[in-house]
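Undergrad: Following this message is one structure expressed as structure tokens.
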Amino acid sequence: MNQNQTLAIFLLLCHLILAQQKEHQIPDSLQNKSYDYLDDKAYTLKKDTSKAIVYLNAYLAKAKKEQNWKEIVNGYRNLSNQTSDKLTLIYADSAIYAAKKTNNNTVIGSAYLSKGISYYALKQHNYALDNYIIANSYLANSSDKYLIHKLKYHIALVKYYLGYYDESISLLKQCISYFKNDNPQPYLNSMHFLGVCYNRIGEYGLCDETNILGLAECKKLKITEMEVYFIHSQGINDYFKLNYTSSIKNIESSIEGLKEKNDFGNESVGYFYIGKSYWKMEKYEKALPYFKKVDQLFISKGYLRPDIREVYELLIDYYKTKDNPKLQLYYVDQLLKADRMLNETFHYLVGKINKEYNTQELLIEKENLKKELFIKNHKYSVLIGFTSLLFSGFLFVNYRNFRNKKFYKKRFEELILEINNSKNKIRTKEKIQKPAMPSINNDTGEIILKLLEKFENEKKYLERDWKLSGLATFFNHNPTYLSAIIHQYKEKSFNRYINDLKIEYIISLLSSNKVIRNYTNKALAEEAGFSSTERFAKAFKIKTGMPTAYFIEQIKKENTNANL
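Just so we're aligned: 3 in full-length UniProt numbering is position 3 of the sequence shown, and the numbers increase by one with no gaps anywhere.
The structure is reproduced here in structure tokens:
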């Protein structure tokens, strides 16, 4: 960008700010009012921007007149929160400039945090995280617990967006504990997102409980504007509990409130799950308008969450069945754009949060240890030992991660070899070749083995909740005999036998079906008939020696290399 272009942009921004300020001249009656008075009036009128701005401009003018840089920061921050998208970031930058004049790290960190929040509201997650990380560097040694927990809350939102739900839950619980007594709005915000995280990990009961408590707390604290978020969250949870009618009703009742708040992110998610509910009810024509609203928000706002990219796959399939290649091609193009955007955003955010935020947290911890060493000289040797232990632990974790990856790679290669070998083998009937069992005659053993073979061939093991007694009843045989045969000839317990069959089925699908590789752990668990995502993940790790994500990643790499 050349100097003339830079100057032109600068003059345009100045013009916008001056125009905004001229539009709201400060009445004489407000000239000598206190900061508290002006702030309270602006807060009371926050739903009427044109009236609130008068008090916010008076607040800023008073701070500038007194050359009170800390209050100037507050003035710009308040204007940033109240004004339109095109001015919010300009005011946020002005707040940072004023904050640096204070030479106060807490004030500077607070200004960067506010700018990050402005970016997050615009769903520009990359820029939001950049500013959160800068804020974290300034707030590392701050005694302001409120700001520290406010930053934790916003980092939790980014971790949620990335799918680090357990880490997000941990941070949100800390925030709820801190905000509960004296900060009702952030307390409710934290509770809302905790419920959303519970939904994403399949804890639908906990999500229900959190939403019910949240609605009760909204009434108790008289913050009714937050009710819409808990209703929206409940609607999405209803979808996952297969209560489609209730899901539609709850989400639709929340949409207007979200639009009033300009929360296009949750609006888009709401449209998606209303559409998905109609889709599951096979009311495809009713689903289409909602899916198209998701696309419209992607076009106008550039927003699409990873879990709702499926909207394009559904639209593509729908128009394929309708023999409409024009619309099919359009949604294919939109899906490609969405994937490009999601991949770029995720690549940036994951690298940033791991390399800069998490590393920065370790460095902060290290600095705190150094200060403790300096202050407590008499504990010098103990603390040095602790630091060494911490460093050794760090090395051990890194070594263990390296060793695990090496082990995973080896196990993956062995599994692929087994899969390839199994494709070339002709399956033969299993015969009793092991020593006979005194309590079971050979004929009975043969019968049970044939029943097991049929059970496997017909993939009955994909049904949920098989127990030894249930399968024995299904075979019309003694459960003790069945258990003994499985132990003797399959060389594993009953539960391990069933789980291994399910996992072998999933491995086969992942190896041959590109679509399945995009399934979440939850979807794979349902495909294999596991009762929970956690049981599936544990069974997959036991059977293969590696996490599902690693196996899928390697399968995709193998497939890519094979196509080169």
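Each residue gets a CB set at the ideal place from its N, CA and C atoms; glycine is no exception.
Quick caveat: nothing in here was measured; it's all calculated off a predicted structure.
So, using beta-carbon positions, are G202 and S532 closer together than 8 Å?
TA: In the sequence shown, counting from the first residue as 1, residue 202 sits at position 202. In the sequence shown, counting from the first residue as 1, residue 532 sits at position 532. Cβ distance < 8 Å, so G202 and S532 count as in contact.
Undergrad: Could you have a look at Q334 and say whether DSSP puts it in helix, strand or coil?
TA: Locating residue 334 in the sequence shown gives position 334, counting from the first residue. Three-state result, Q334: helix.
Undergrad: Following the continuous alpha helix (DSSP H) through Y119, name the residue where it begins and the one where it ends.
TA: Within the sequence shown, the letter at position 119 stands for residue 119. Per DSSP, Y119 belongs to the alpha helix (DSSP H) from N105 to A121.
Undergrad: Roughly how many angstroms separate the alpha carbons of A216 and T210, rounded to a whole number?
TA: For the purposes of this step, residue 216 is taken as residue 216 along the sequence shown, with counting starting at 1. For the purposes of this step, residue 210 is taken as residue 210 along the sequence shown, with counting starting at 1. So the two alpha carbons sit approximately 10 Å from each other.
Undergrad: With a 10 Å radius around its C-beta and 16 neighbouring C-beta atoms as the bar for buried, classify R340 as buried or exposed.
TA: As a working note, residue 340 is residue 340 in the sequence shown. The residue is exposed, with fewer than 16 neighbouring Cβ atoms inside 10 Å.
Undergrad: Which same chain residues, not among the five before or five after K241, have their C-beta less than 7 Å away from its C-beta?
TA: On the sequence shown, position 241 is the one that residue 241 refers to. Excluding residues within five positions, the ones whose Cβ falls inside 7 Å are Y204.
Undergrad: Of the residues K276, M281, S253 and K280, which one's Cα is nearest the Cα of V294?
TA: Counting from one through the sequence shown, the residue named residue 294 turns up at place 294. The option with the nearest alpha carbon to V294 is K276.
Undergrad: Give me, in chain order, the residues of the same chain whose beta-carbon lies closer than 8 Å to that of R411; leave out the 5 immediate sequence neighbours on both sides.
TA: Translated into the one-based positions of the sequence shown, residue 411 becomes position 411. Excluding positions up to five away in sequence, the list reads T544, G545 and M546.
Undergrad: According to DSSP, is E491 helix, strand or coil?
TA: Numbered from 1 along the sequence shown, position 491 holds the residue referred to as residue 491. Three-state result, E491: coil.
Undergrad: Can you give me the start and stop residues for the alpha helix (DSSP H) that Q174 sits inside?
TA: Locating residue 174 in the sequence shown gives position 174, counting from the first residue. Looking at the DSSP string, the run of the alpha helix (DSSP H) that includes Q174 is Y165 to F179.
Undergrad: Across the region 175–185 and the region 136–143, are there enough close Cβ pairs to call them in contact, namely three or more that are closer than 8 Å?
TA: no
Undergrad: If we ignore side chains and look at the alpha-carbon of each, how far apart do N266 and Q488 end up?
TA: Taking the first residue of the sequence shown as position 1, residue 266 is located at position 266. Taking the first residue of the sequence shown as position 1, residue 488 is located at position 488. Their Cα atoms are separated by approximately 55 Å.
Undergrad: Below 8 Å on the Cβ atoms is my guess for I448 versus I485; work out the distance and round it to an integer in Å.
TA: Translated into the one-based positions of the sequence shown, residue 448 becomes position 448. Translated into the one-based positions of the sequence shown, residue 485 becomes position 485. Indeed they touch by this definition, with Cβ atoms about 5 Å apart.
Undergrad: So with Cβ pairs under 8 Å, would you call N478 a contact of chain C?
TA: Going by chain labels, chain C is absent from the structure shown, which holds only one protein chain.
Undergrad: Assuming I117 contacts H154 (C-beta within less than 8 Å), just tell me the rounded distance between them.
TA: Mapped onto the sequence shown, residue 117 falls at position 117. Mapped onto the sequence shown, residue 154 falls at position 154. Confirmed, Cβ separation roughly 6 Å.
Undergrad: Suppose you measure from the CA of E504 to the CA of Y519; what does that come to, to the nearest Å?
TA: What you label residue 504 is simply residue 504 of the sequence shown in a count that begins at 1. What you label residue 519 is simply residue 519 of the sequence shown in a count that begins at 1. For E504 and Y519, the distance between alpha carbons rounds to 16 Å.
Undergrad: Under three-state DSSP, which class holds R411?
TA: Numbered from its first residue, the sequence shown carries residue 411 at position 411. Here R411 sits in helix by DSSP.
Undergrad: Taking just the CA atoms, how far does Y119 sit from K86?
TA: Locating residue 86 in the sequence shown gives position 86, where the first residue counts as 1. Locating residue 119 in the sequence shown gives position 119, where the first residue counts as 1. Answer to the nearest angstrom: the Cα atoms are 11 Å apart.
Undergrad: At what residue ranges does the UniProt domain "HTH araC/xylS-type" (446–554) contain a whole run of the alpha helix (DSSP H), taking only runs of 4 or more?
TA: 468–475, 479–485, 494–512, 521–528 and 533–544
Undergrad: Let me confirm a value: E23 is counted as buried when at least 16 other C-beta atoms fall within 10 Å, else exposed. Which label applies?
TA: Position 23 of the sequence shown, counting from 1, holds the residue named residue 23. Interpretation of E23 is limited by its pLDDT of 46, a score under 50 that renders its predicted location unreliable; the figure taken from the coordinates is listed afterwards. Counting of Cβ neighbours within 10 angstroms places E23 among the exposed residues, the total staying below 16.
Undergrad: Quick one: measure Cβ to Cβ for A52 and A42, integer angstroms, because I've assumed they're closer than 8 Å.
TA: Walking along the sequence shown from the start, residue 52 turns up at place 52. Walking along the sequence shown from the start, residue 42 turns up at place 42. Between A42 and A52 the Cβ distance is about 5 Å, and since that is below 8 Å, they are a contact.
Undergrad: Specify the secondary structure class of G302 as computed by DSSP and reduced to three states.
TA: Counted from its first residue, the sequence shown places residue 302 at position 302. Coil, per DSSP.
Undergrad: Given that a residue counts as buried once 16 or more other Cβ atoms are within 10 Å of its Cβ, and exposed if not, what is N343?
TA: Residue mapping note: residue 343 aligns to position 343 of the sequence shown, counting from 1. Exposed, because fewer than 16 other Cβ atoms sit within 10 Å of the Cβ of N343.
Undergrad: Along the alpha helix (DSSP H) that carries D27, what are the first and last residues, could you check?
TA: The sequence position of residue 27 within the sequence shown is 27, counting from 1. With the sequence shown as reference, residue 27 is identified as Pro, and Asp is not the correct amino acid for it. Careful: P27 lies outside any alpha helix (DSSP H) and carries neither H nor E.
Undergrad: Does E209 come out as helix, strand or coil in the three-state DSSP assignment?
TA: Start at 1 with the first residue of the sequence shown, and residue 209 comes out as number 209. Note: E209 maps to helix in three-state DSSP.
Undergrad: Quick one: Cα of S168 to Cα of G195, how far?
TA: Position 168 of the sequence shown, counted from the start, is the residue given in the question as residue 168. Position 195 of the sequence shown, counted from the start, is the residue given in the question as residue 195. Near 11 Å, if we compare the C-alpha coordinates of G195 and S168.
Undergrad: Going by beta carbon distance, what residues of the same chain come within less than 7 Å of K150, once the five residues before and after it are set aside?
TA: Walking along the sequence shown from the start, residue 150 turns up at place 150. Apart from the 5 residues on each side of it in sequence, K150 sits with its Cβ closer than 7 Å to the Cβ of L113 and P186 in its chain, given in chain order.
Undergrad: Of the choices L452, E256, Y239 and N189, whose alpha-carbon is the least far from that of Q223?
TA: For the purposes of this step, residue 223 is identified with residue 223 of the sequence shown, where counting begins at 1. A small fix is needed here, since residue 223 is Ile in this sequence, not Gln. Among L452, E256, Y239 and N189, the Cα nearest to that of I223 is on N189.
Undergrad: So what does DSSP say about E203, is it helix, strand or coil?
TA: As a position in the sequence shown, residue 203 is number 203, starting the count at 1. DSSP places E203 in coil when its eight states are reduced to three.
Undergrad: Do you know offhand how far S137's Cα is from L206's?
TA: Position 137 of the sequence shown holds residue 137. Position 206 of the sequence shown holds residue 206. Rounded to the nearest whole angstrom, the CA to CA distance from S137 to L206 is 34 Å.
Undergrad: Take F475 as the anchor and find which of K459, K450 and K492 has the nearest alpha-carbon.
TA: The count along the sequence shown starts at 1 and reaches residue 475 at position 475. Checking every option, the nearest Cα to that of F475 belongs to K450.
Undergrad: I'd like the span of the alpha helix (DSSP H) that includes I251, first residue to last.
TA: As a first step, residue 251 is located in the sequence shown; it is residue number 251 there, counting from the start. Start and end: Y244 to E260.
Undergrad: Is the beta carbon of N559 less than 8 Å from the beta carbon of F536?
TA: Working through the sequence shown from its first residue, we reach residue 559 at position 559. Working through the sequence shown from its first residue, we reach residue 536 at position 536. Not closer than 8 Å, so no.
Undergrad: Please state if the CB of I316 and the CB of L335 are separated by a distance shorter than 8 Å.
TA: Position 335 of the sequence shown, counted from the start, is the residue given in the question as residue 335. Position 316 of the sequence shown, counted from the start, is the residue given in the question as residue 316. The answer is yes: Cβ separation under 8 Å.
Undergrad: Rounded to whole angstroms, how far is the Cβ of S268 from the Cβ of Y303, which I believe are closer than 8 Å?
TA: One-based indexing of the sequence shown puts residue 268 at position 268. One-based indexing of the sequence shown puts residue 303 at position 303. 6 Å between Cβ atoms; contact.
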